[in-house]
Structures are given as structure tokens and as C-alpha cells.
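Here the structure is laid out as C-alpha cells; the discussion comes afterwards.
Number of protein chains: 2
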Amino acid sequence: MRIIHNMDEMTETARGWLAGGTVGFVPTMGFLHQGHKTLVQAAHQECEISVASIFVNPIQFEESEDLIRYPRDLSRDLQLLSTTSIDVVFIPRTEDIYSAGFSTYVMPTSSQWAVQPAKGTGSRIYARGVATIITKLLQLVRPDIAYLGQKNAQQIAIVRQVVRDLNIDVGLRILPTVRESDGLALGSRNHFLTQPERRAASVLYRALLAGKALVDGNVRNSAEIEKAMIDLVVTEPLVNLDYVKICHSDTLRAVDTVMPGTMLMIAAHIGIVHIIDNIIWHGDTNWLL
Amino acid sequence: MRIIHNMDEMTETARGWLAGGTVGFVPTMGFLHQGHKTLVQAAHQECEISVASIFVNPIQFEESEDLIRYPRDLSRDLQLLSTTSIDVVFIPRTEDIYSAGFSTYVMPTSSQWAVQPAKGTGSRIYARGVATIITKLLQLVRPDIAYLGQKNAQQIAIVRQVVRDLNIDVGLRILPTVRESDGLALGSRNHFLTQPERRAASVLYRALLAGKALVDGNVRNSAEIEKAMIDLVVTEPLVNLDYVKICHSDTLRAVDTVMPGTMLMIAAHIGIVHIIDNIIWHGDTNWLL
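In order, the protein sequences belong to chains A and B. FYI, in the numbering used here the residues of the first sequence are 12 to 300. FYI, in the numbering used here the residues of the second sequence are 12 to 300.
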């Protein structure tokens, strides 16, 4: 496992790979968990060269407190990665990624990013931050395939649109969300949940499953499904629901009627922790949970 | 000389080149002249594979009339290119480059683009248009070196900033402006000058040379040099001066005092034709004319 901090070294290394085998890339913000590890293992199995990056991207945070308290533990991350067969870990410095004079952003302008579904997420600033950093990382690492977890549906939608609109020659592999035994989606910020909050947090996945039960029972009306999900979440007073959204799984545009390809999304704040989750219905009994 | 219209074919072809030799790329808007030909010949001589693109980029035009009347003559362009040893000509369709749902722009936000030094140029819209199309073309063609002519200093400054800020692994080769015998910089739009306008147009280069004479005579005060240049241009009533600017040749930021690396820029409208030109002083008797 080789660690690269220097941007020029990463560029040179990636250039060398172009003549070699396929490169699989897992971009992360660190504080790694089993979900990240699953992505890294898939990249290693499916590609000849596997790379992960660790970079807490400041420009995708709307509030500086959220950036400041984002969990970081590099030695723990490197420990976890050393148990995988990852080839390279790229850990650029913030002052190199956004060096003096940096002034060019990648800007998603679709109207879906104009609406701010929850404080700190889904806004234009978040979309611009994600779009800019993924473009930069894809230029630095030049992978054939980038690996992302299904949990962060907004991030996936942004990356998919950027790759398509800027003609970046990279495939996207989206792997299912990894969950705790009670269904809570793994997430770096879960670390900050108190024990009562942690217990309450499982209501988010239970709400998604309540929505699923209705769809499985042939309910197709989004408003009815959303209401059932909301009614379940409000039984947990520690959970501050940000939104429930029933939408197209690629575009994230809200739909009135559930159809194959529809996603049920949920977002909430529990204490200081922002949690998101989603499941996708692919028709009949096919769900991505 | 292979002609590629299809975007996927370009992507596949470029991917194939990655394991091969160096790729030199000349992006153009067509209506080619000797300046373009010089770039193509350099790409052919210096790289193993040479590619030119022809694409009139609609999103960099602020006024639709200017886009509509931009000169086009594809058969003449292909005729000219066939006299070179170019390997591939990439001619994408507008509806493929900006397909339905396109919504991601590359946005230079430096304050220098907020000021609109002349109608139709230098604005944020122009900067965004150039930044977006060059990013897309560099992803599609994946060259090692991109070739640009010195004449369009704003374009060069934008491309340099984009490549730096987005970490695109491409070198830039800037070749000197190619001029008519009276000094007028070659340009696709020159085609639209009437005979009297064409004769008057040479005043722009003469104004640059008047500025040069002052620098060579040890004048360093930008205001004094600008005044001398303006005084010369106003002797030609057919020429509507947009601006004279004395600035840093990389950042295009105005400077009060001339020093090595300073650029003298000029822009004017003559009839319906917008003309730009520049020269750079590198110290002592070294000029890029």
C-alpha cells in the first residue's frame, strides 16, 4: 500500500497507469467504515490497480462548524485500508487541492439543486463542491471506474451528471448501502450519536421499509407513501425529520406515482448528526435496500 | 486524415491512444487560416498523434447574431487540413456536445472575468463558455499537449486557469500570432472586413508597435503608453476602439508599470468585426510579436 500526498506524484503515477491495466477508484472523506471497505474490495477485485482517496472537501460544507467537526482519524483509516489489498491511498493536502488563486468551479445548474431540501445538503453550494472535487480527483487519478455507495443518492446524481456533461471517460459502479443489524446505514457521522440517539436512528430505515411495504401492497400514490413514512418517523422524538422524498432514482426529481426506478429517500437530523438513507424499487419484488 | 463526428467514437479512439504515443490537440472553431495551420503542423511535428477539432461553441457567444454570422466553411477547412499531416479531425455535433439535459458548466469566478472590457468578450459568459468547452474537449480527446495561438490572450488565460484549477493533465503550447504583411493578426472574422475596413485594421498592430517603441525607449508608465496607443488608433475613423490594456501576460491583470512579462492588448470593432491582438515584452529586446 503506497501513500501519495503530493499532487504531482499522483498525476505522474496516474499517467504511468494509462498504458497499464484498469484503474478502480474509491473517493472518500475518510473516517472509513465497512461501507468504504466494501467499495475498496470491489475496486481491488474488478480492476488491476485500486486507489482510494481521503480528502475532507471543505467547499462542499455550507457551515464551517460542520466542516470543523467532521470526524477525522487518519491512522485508523490507514489501519483499515492496510487490511485490504488497496494499491494506492491518495491523501492530498487541502492547500494543494485549493491552492492560492484557485477560482474555477464545476457548477451543476439543474433546477433540482436550487431547492434546498435540508439544511446543509442538496443545495447549490453542496452540488458545486461535490462536482468540483470529483472532477479534480478524476483528473488526478484518471480511473476507468469510480466506486460509490448507494447511500449518498444526491452525490451519485451529481457525479453522474458531471461525468455525462463534461464527457469524463469513467464508468460509475454503485454498490448497495452497508447497514448495521438494525438497518441503520453506516456513515462516518454516526460516530457522534449518543446511545439513545443511536437507538432512535433505526426509525429511518424502518420508515423506508414501511414505504416498501405499501409499494409491495400495490400502493402507487407517492403522497400516501410519504405520509406513512412521516407518521412513523415522528414517533421518535429524538429524530428531526428533514424530508421524505419519492423520486426518480437517477434525476432525483419528485414523482407523484411510484414506478420501477423510483427511489424512497429520507433525511433527518439526530442531535448534531445529519443522516440520509434511501431504497430503490426496480419493479415486481426487486428492491435495492 | 480520419474524420470523427461521433462522440463515443472519439472517446473510444482517445482511450486507445492512452497506451500509445503522445497526442497533440488543436481546438478550433473552424474557418481555418494559416494561424491554425501553424498549430496543426506543430502538433504533427512534436507529437506522435495529431488531432484538430472544429466546433463553433454556441455557449461562448453572448449575442445570438454573433453566433449566427460566425463564418463557417467545412469543406474549405477539410481542404486546408488535408494539406497537413493531421491524423484526426474531430467535428462533433452541437446537439451531442450539449445534449438534452446538459446543465453542468465550468465556471471561472476570478474577479477579472466580472469586468466586461468589450461587448461580447471577456465577460463571465464568455469565460464560462470557453472553460466548459475546453474541459469537455480535453476529456474527449485526452491529449498530452494542447496548442493555442497567442492572439487570443483571454482564451489562453481561461484555459490555463481551468487546467490548473481542475488538475487536467495536459501541457499547453502557445505559438506566436500569425500576421498579414501589414501586421494584422489572422482571424476567421477578418473575412467580413470591407476593403477600406481591411486597410484601416492595420492600425491595431501599428498601435501595439507604438507601445513597443515607448517600452524600448525605457518608458515604463502604463498610462503614458496606453495614451500613445489610443491616440494612434483614433486617427482611423473606421476603427471603434474597445480597449487598450497593459497587463500581466498570464493573469491579464492590469499593471501600472511595465515589467518583463507585461502584455500590451488591444481590441476594437471595425464594422461588424471584432478584432483583438497583443504583444508581450519579455525584458531587454525580447518581444513576442
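Beta carbons: idealized from backbone N, C-alpha and C, even for Gly.
Worksheet item: Can you tell which of A:T105, A:T205, A:Q56 and A:E191 has the C-alpha that lies nearest to the C-alpha of D176 (chain B)?
Response: What you label residue 176 (chain B) is simply residue 165 of the second sequence in a count that begins at 1. Measuring from the Cα of D176 (chain B), the nearest candidate turns out to be A:T105.
Worksheet item: Considering only C-alpha positions, which residue in the set A:V170, A:T143 and A:I185 is nearest to T120 (chain B)?
Response: The sequence position of residue 120 (chain B) within the second sequence is 109, counting from 1. Out of A:V170, A:T143 and A:I185, A:T143 has the C-alpha closest to the C-alpha of T120 (chain B).
Worksheet item: Ends of the alpha helix (DSSP H) at D227 (chain A)?
Response: Numbered from 1 along the first sequence, position 216 holds the residue referred to as residue 227 (chain A). Element bounds for D227 (chain A): V214 to D227.
Discussion item. Using a Cβ-Cβ cutoff of 7 Å, what residues of the stretch 158–173 of chain B are near chain A? List them in chain order.
Written reply: Q172 and V173
Practice prompt. Leaving out five residues on either side along the sequence, give the residues of the same chain with a beta carbon under 7 Å from the beta carbon of W292 (chain A).
Written response: As a working note, residue 292 (chain A) is residue 281 in the first sequence. Here the set comprises V226, V269, P271, T273 and W298.
Item to complete: Please state if the CB of D88 (chain A) and the CB of I65 (chain A) are separated by a distance shorter than 8 Å.
Response: Along the first sequence, read from residue 1 onward, the residue named residue 65 (chain A) stands at position 54. Along the first sequence, read from residue 1 onward, the residue named residue 88 (chain A) stands at position 77. Yes, they are a contact pair.
Item to complete: Would you please state the rounded distance, in angstroms, between the beta carbons of I156 (chain B) and E57 (chain B)? I believe it to be under 8 Å.
Response: Here residue 156 (chain B) refers to the residue found at position 145 when the second sequence is read from its first residue. Here residue 57 (chain B) refers to the residue found at position 46 when the second sequence is read from its first residue. Sure, about 7 Å apart at Cβ, within 8 Å.
Worksheet item: Three or more C-beta pairs closer than 8 Å, one from the stretch 72–80 of chain B and one from the stretch 30–41 of chain B: is that the case here?
Response: no
Worksheet item: Any idea which residues DSSP pairs Y158 (chain A) with across the strands?
Response: Taking the first residue of the first sequence as position 1, residue 158 (chain A) is located at position 147. Its beta-bridge partners are A:R184.
Worksheet item: Under 8 Å, do P207 (chain A) and L151 (chain A) count as touching if we go by C-beta distance?
Response: The residue given as residue 207 (chain A) occupies position 196 in the first sequence. The residue given as residue 151 (chain A) occupies position 140 in the first sequence. Cβ distance not < 8 Å, so P207 (chain A) and L151 (chain A) don't count as in contact.
Discussion item. Strictly under 8 Å for the Cβ-Cβ distance: is I281 (chain B) near chain D by that measure?
Written reply: Although the question refers to chain D, the structure presented lacks it and instead comprises the protein chains A and B.
Worksheet item: Does T95 (chain A) have its Cβ less than 8 Å from a Cβ in chain B?
Response: Counted from its first residue, the first sequence places residue 95 (chain A) at position 84. So, not an interface residue.
Worksheet item: By DSSP, does D242 (chain A) sit in helix, in strand, or in coil?
Response: Sequence index remark: in the first sequence, residue 242 (chain A) carries index 231 (1-based). Looking at D242 (chain A) - three-state DSSP - the assignment turns out to be helix.
Discussion item. Using the three-state DSSP reduction, which class does T105 (chain B) fall into: helix, strand or coil?
Written reply: Position 94 of the second sequence holds residue 105 (chain B). T105 (chain B) falls in the helix class under three-state DSSP.
Worksheet item: Using the beta-carbon count (16 or more within 10 Å), is A212 (chain A) buried or exposed?
Response: Counting from 1 along the first sequence, the entry for residue 212 (chain A) is found at position 201. It is buried - the Cβ of A212 (chain A) has at least 16 other Cβ atoms within 10 Å.
Worksheet item: Based on the DSSP secondary-structure assignment, which residues constitute the bridge partners of A279 (chain B)?
Response: Locating residue 279 (chain B) in the second sequence gives position 268, counting from the first residue. In DSSP, A279 (chain B) forms a bridge with B:L252 and B:I286.
Practice prompt. Check Y81 (chain A) in the structure and name its three-state DSSP category.
Written response: Position 70 of the first sequence, counted from the first residue, corresponds to residue 81 (chain A). In the structure shown, Y81 (chain A) sits in coil (DSSP, three-state: anything other than H, G, I, E or B).
Worksheet item: What does Q150 (chain A) reach in chain B if we use C-beta pairs closer than 8 Å?
Response: Counting from one through the first sequence, the residue named residue 150 (chain A) turns up at place 139. Those within 8 Å of Q150 (chain A) in chain B are L177, N178, I179 and D180.
Discussion item. For a test of the three-state rule: what should DSSP assign to I236 (chain A), helix, strand or coil?
Written reply: Within the first sequence, the letter at position 225 stands for residue 236 (chain A). DSSP places I236 (chain A) in helix when its eight states are reduced to three.
Worksheet item: Can you find a CB in chain B that lies within less than 8 Å of the CB of R104 (chain A)?
Response: If you number the first sequence from 1, residue 104 (chain A) lands on position 93. R104 (chain A) does not count as touching chain B.
Fill in: 8 Å Cβ cutoff met for G160 (chain B) and T115 (chain B)
Counting from 1 along the second sequence, the entry for residue 160 (chain B) is found at position 149. Counting from 1 along the second sequence, the entry for residue 115 (chain B) is found at position 104. Going by C-beta atoms, G160 (chain B) is not nearer than 8 Å to T115 (chain B).
Fill in: Inter-residue spacing [alpha-carbon to alpha-carbon] between A196 (chain A) and P103 (chain A)
As a first step, residue 196 (chain A) is located in the first sequence; it is residue number 185 there, counting from the start. As a first step, residue 103 (chain A) is located in the first sequence; it is residue number 92 there, counting from the start. Taking the straight line from one Cα to the other gives about 27 Å.
Fill in: Outcome for A279 (chain B) when other beta-carbon atoms lying within 10 angstroms are tallied against a minimum of 16
Position 268 of the second sequence holds residue 279 (chain B). Flag for A279 (chain B) reads buried.
Item to complete: Go through its chain and collect everything with a Cβ distance to S61 (chain A)'s Cβ below 6 Å, but skip five positions before and after it.
Response: Indexing the first sequence from 1 puts residue 61 (chain A) at position 50. Excluding sequence neighbours, S61 (chain A) sits near G35, A54, H55, I97 and D98.
Worksheet item: From I277 (chain A) to Q123 (chain A), what distance separates their C-alpha atoms?
Response: Here residue 277 (chain A) corresponds to residue number 266 of the first sequence, with the count starting at 1. Here residue 123 (chain A) corresponds to residue number 112 of the first sequence, with the count starting at 1. If you take the alpha carbons of I277 (chain A) and Q123 (chain A), they lie about 16 Å apart.
Worksheet item: What is the rounded straight-line gap between the Cα of V126 (chain B) and the Cα of R135 (chain B)?
Response: Here residue 126 (chain B) is taken as the residue at index 115 of the second sequence, counted from 1. Here residue 135 (chain B) is taken as the residue at index 124 of the second sequence, counted from 1. Unreliable positioning characterises V126 (chain B) in this predicted model, as indicated by a pLDDT of 49, which lies under 50. A coordinate reading is not provided.
Discussion item. If you reduce the DSSP assignment to three classes, tell me which class V99 (chain B) lands in.
Written reply: Residue 99 (chain B) sits at position 88 when you count from the first residue of the second sequence. In this structure, V99 (chain B) counts as strand in the three-state DSSP scheme.
Worksheet item: Taking G182 (chain A) as the reference, which of A:S233, A:R153, A:K223 and A:M12 has the closest Cα?
Response: In the first sequence, counting from the first residue as 1, residue 182 (chain A) sits at position 171. Out of A:S233, A:R153, A:K223 and A:M12, A:R153 has the C-alpha closest to the C-alpha of G182 (chain A).
Worksheet item: So, is E247 (chain A) buried or exposed, given that buried needs 16 or more other C-beta atoms within 10 angstroms?
Response: For the purposes of this step, residue 247 (chain A) is identified with residue 236 of the first sequence, where counting begins at 1. By the neighbour-count rule (16 or more Cβ atoms within 10 Å), E247 (chain A) is buried.
Worksheet item: What residues in its chain sit with their C-beta under 6 Å from that of P38 (chain B), if we drop five residues either side in the sequence?
Response: One-based indexing of the second sequence puts residue 38 (chain B) at position 27. For P38 (chain B), where only same-chain residues beyond five positions count, the Cβ hits under 6 Å are S64 and L148.
Item to complete: Would you verify that the beta carbon of K256 (chain B) is, or is not, closer than 8 Å to some beta carbon of chain A?
Response: Mapped onto the second sequence, residue 256 (chain B) falls at position 245. Judged by the 8 Å Cβ criterion, K256 (chain B) is not in contact with chain A.
Worksheet item: Is L299 (chain B) helix, strand or coil when you go by DSSP?
Response: Along the second sequence, one-based indexing puts residue 299 (chain B) at 288. Strand.
Item to complete: Answer with buried or exposed for N232 (chain A), where buried requires no fewer than 16 other C-beta atoms within 10 angstroms of its C-beta.
Response: Along the first sequence, one-based indexing puts residue 232 (chain A) at 221. N232 (chain A) is exposed by the Cβ-count criterion.
Discussion item. According to DSSP, simplified to helix, strand and coil, what is R200 (chain A)?
Written reply: Residue mapping note: residue 200 (chain A) aligns to position 189 of the first sequence, counting from 1. Three-state DSSP puts R200 (chain A) in a helix.
Item to complete: Spell out whether any CB of chain A is found under 8 Å from the CB atom of V117 (chain B).
Response: What you label residue 117 (chain B) is simply residue 106 of the second sequence in a count that begins at 1. Output row for V117 (chain B): interface = yes.
Worksheet item: Using the beta-carbon of each residue, which ones in chain B are nearer than 7 Å to L29 (chain A)?
Response: As a working mapping, residue 29 (chain A) is identified with position 18 in the first sequence. Near L29 (chain A) (Cβ distances below 7 Å), the residues of chain B are L29 and A30.
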